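Colleague: What follows is a single structure, and I will ask about it in a moment.
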Amino acid sequence: MTCPVPKEQQPLNEYIELKEAFFYRWAKLARSQYLRVLALMWLGFVVLFSPVAMSIESPSRHLWQFICVASIGGAVGLILPVLLLLSGWSHVKQRLDSPKIFYEESGWYDGQTWEKPEADLAKDRLLVAYEIKPVMTRLQKTLLGIIVFLALGISSLNIFG
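Residues 1 to 161 in the UniProt record's numbering are what the sequence shown spells out, letter by letter.
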């Protein structure tokens, strides 16, 4: 039986499109490249948040507090792209892992459901286990690391502030 799901809505094609997309492919970079991208994004958010940090703490009088506030702002900003990455990869994981695929033939009003053959489901679940779960784990650890960084930043403000 041929798959009635349009090409662009087939989970395997969604996965290929996601892993090749400029933003979403960052999650699959080598560890050093991934950390560099995160550091650069964080630094960009720190720079963007610096004027707000200056209005809270004056860098000339309270340099440490200013650095903490700007760093916290950078971490809060970094949460958003990581959540977006996690959301995209989670969506594709769910589509690949599911035995039934919901799709739209020509628009939102004509949704259909297609049940995957066992062989396709087994291949998709192998892909999830070996390609997507490691990415999801990396993103979850990243989110946890950002939260720990935020907690340390806030506690250092309380200690040294």
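Cβ atoms here follow ideal geometry from the backbone N, Cα and C, with glycine treated the same way. Keep in mind that this is a model prediction, so the values were computed, not measured.
1) Quick one: measure Cβ to Cβ for residue 6 and residue 95, integer angstroms, because I've assumed they're closer than 8 Å.
2) Out of 93, 58, 45, which has the shortest C-alpha to C-alpha gap to residue 72?
3) Give me the Cβ distance between residue 135 and residue 64, rounded to the nearest whole Å; I'm assuming they're in contact under 8 Å.
4) Classify residue 164: buried if its beta carbon has 16 or more other beta carbons within 10 angstroms, exposed otherwise.
5) Please determine, among 154, 82, 92, 2, the residue with the shortest C-alpha to C-alpha distance to residue 41.
6) So residue 115 and residue 93 are supposed to be a Cβ contact under 8 Å. How far apart are they, rounded?
7) Cα separation between residue 14 and residue 8?
8) Short check: CB of residue 21 to CB of residue 85, under 8 Å?
9) If you run the structure through DSSP and keep just helix, strand and coil, what is residue 115?
10) Would you please state the rounded distance, in angstroms, between the beta carbons of residue 74 and residue 43? I believe it to be under 8 Å.
11) I'd like to know whether the C-beta atoms of residue 59 and residue 66 end up nearer to each other than 8 Å.
Modeller: In short, the structure shows the following:
1) Actually they are not in contact, since the Cβ atoms of residue 6 and residue 95 sit about 13 Å apart, beyond 8 Å.
2) 45
3) No, residue 135 and residue 64 are not in contact; Cβ-Cβ is about 36 Å, not under 8 Å.
4) There is no way to answer for residue 164, as the model of the chain reaches only from 1 to 161.
5) 82
6) Going by Cβ atoms, the distance from residue 115 to residue 93 rounds to 19 Å, so no, they are not a contact pair.
7) 7 Å
8) no
9) Of the three classes helix, strand and coil, the one that applies to residue 115 here is strand, per DSSP.
10) At roughly 7 Å, the Cβ-Cβ gap stays under 8 Å, so residue 74 and residue 43 are in contact.
11) yes
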